[in-house]
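Chemist: Have a look at this one.
As structure tokens, this is what we get:
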């Protein structure tokens, strides 16, 4: 027998009471080959007979599914953070406009006219490079700890644009 599919002996092929016929076997073999090409590791296979055609049910390794889910979840979280960072517009700091905020509380240096800054929904201001780096690690404002993603979504009033 090959890995991932069942082989019919000559006696099974001639027997009309075989649990599955050649057509079902070919389908099972095609499904198995397709699964292997997609990278699904087949540890076991079950054939189920229920008053009709046979069905091939591949069983994949739980470790592979867990690793796949963890890797995808991490990539999805990183993409979501990147999207939120990109949604926050940067602008040029102007001392006469932004009088109440004179220093970036992340790097602790004073803003100068011409610096690229970002306003968070909570209205705190930071250097663009400082807050982008911060938000790639934590989606909370470093000053008030307000969740930036929740505040950003509520300021849009809808999730439609994300």
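In the working numbering, the protein residues as written are 1 to 162.
Cβ atoms here follow ideal geometry from the backbone N, Cα and C, with glycine treated the same way.
Values in this document were obtained by computation on a predicted structure and should not be read as measured data.
Would you mind giving the Cβ-Cβ distance between residue 113 and residue 95, rounded to the nearest angstrom? I have them listed as a contact below 8 Å.
Modeler: The count along the chain shown starts at 1 and reaches residue 113 at position 113. The count along the chain shown starts at 1 and reaches residue 95 at position 95. Yes, they are in contact, since the Cβ atoms of residue 113 and residue 95 sit about 5 Å apart, within 8 Å.
Chemist: Helix, strand or coil, according to DSSP, for residue 82 in the structure here?
Modeler: Against the chain shown, residue 82 aligns to sequence position 82. Note: residue 82 maps to helix in three-state DSSP.
Chemist: Tell me the residue span of the beta strand (DSSP E) that contains residue 125.
Modeler: Here residue 125 refers to the residue found at position 125 of the chain shown. Residues 125 to 127.
Chemist: Report the three-state DSSP secondary structure of residue 92 (helix, strand or coil).
Modeler: Start at 1 with the first residue of the chain shown, and residue 92 comes out as number 92. Looking at residue 92 - three-state DSSP - the assignment turns out to be strand.
Chemist: Judging by CA-CA distance, which residue of 147, 130, 136 and 118 is the nearest neighbour of residue 76?
Modeler: To locate residue 76, count along the chain shown from 1; it is residue 76. That would be 136, whose Cα lies nearest to the Cα of residue 76.
Chemist: What is the rounded straight-line gap between the Cα of residue 92 and the Cα of residue 126?
Modeler: Residue 92 sits at position 92 when you count from the first residue of the chain shown. Residue 126 sits at position 126 when you count from the first residue of the chain shown. Answer to the nearest angstrom: the Cα atoms are 11 Å apart.
Chemist: Can you tell me whether residue 70 is buried or exposed, with buried defined as 16 or more other CB within 10 angstroms of its CB?
Modeler: By one-based count along the chain shown, residue 70 stands at place 70. Counting C-beta atoms within 10 angstroms of its own C-beta, residue 70 has fewer than 16 neighbours from the protein chains shown and is therefore classed as exposed.
Chemist: Could you give the first and the last residue of the continuous beta strand (DSSP E) run that contains residue 102?
Modeler: Here residue 102 corresponds to residue number 102 of the chain shown, with the count starting at 1. From DSSP, residue 102 is part of no beta strand (DSSP E); its letter is neither H nor E.
Chemist: With DSSP run on the structure shown, which of helix, strand or coil describes residue 112?
Modeler: Start at 1 with the first residue of the chain shown, and residue 112 comes out as number 112. In the displayed model, residue 112 falls within coil according to three-state DSSP, outside both helix and strand.
Chemist: Beta-carbon separation of residue 120 and residue 102 under 7 Å?
Modeler: By one-based count along the chain shown, residue 120 stands at place 120. By one-based count along the chain shown, residue 102 stands at place 102. Not in contact: residue 120 and residue 102 (Cβ atoms no closer than 7 Å).
Chemist: Exposed or buried, what is residue 197 when buried is set at 16 or more other beta-carbons lying within 10 Å of its beta-carbon?
Modeler: The requested residue 197 does not occur in the structure, where the chain is confined to residues 1 to 162.
Chemist: Going along the chain, which residues of its own chain have a beta-carbon closer than 7 Å to the beta-carbon of residue 81, five neighbours each way excluded?
Modeler: Mapped onto the chain shown, residue 81 falls at position 81. Counting only Cβ-Cβ distances below 7 Å, and skipping sequence neighbours, we find 135, 136 and 139.
Chemist: Exposed or buried, what is residue 107 when buried is set at 16 or more other beta-carbons lying within 10 Å of its beta-carbon?
Modeler: Here residue 107 refers to the residue found at position 107 of the chain shown. The residue is exposed, with fewer than 16 neighbouring Cβ atoms inside 10 Å.
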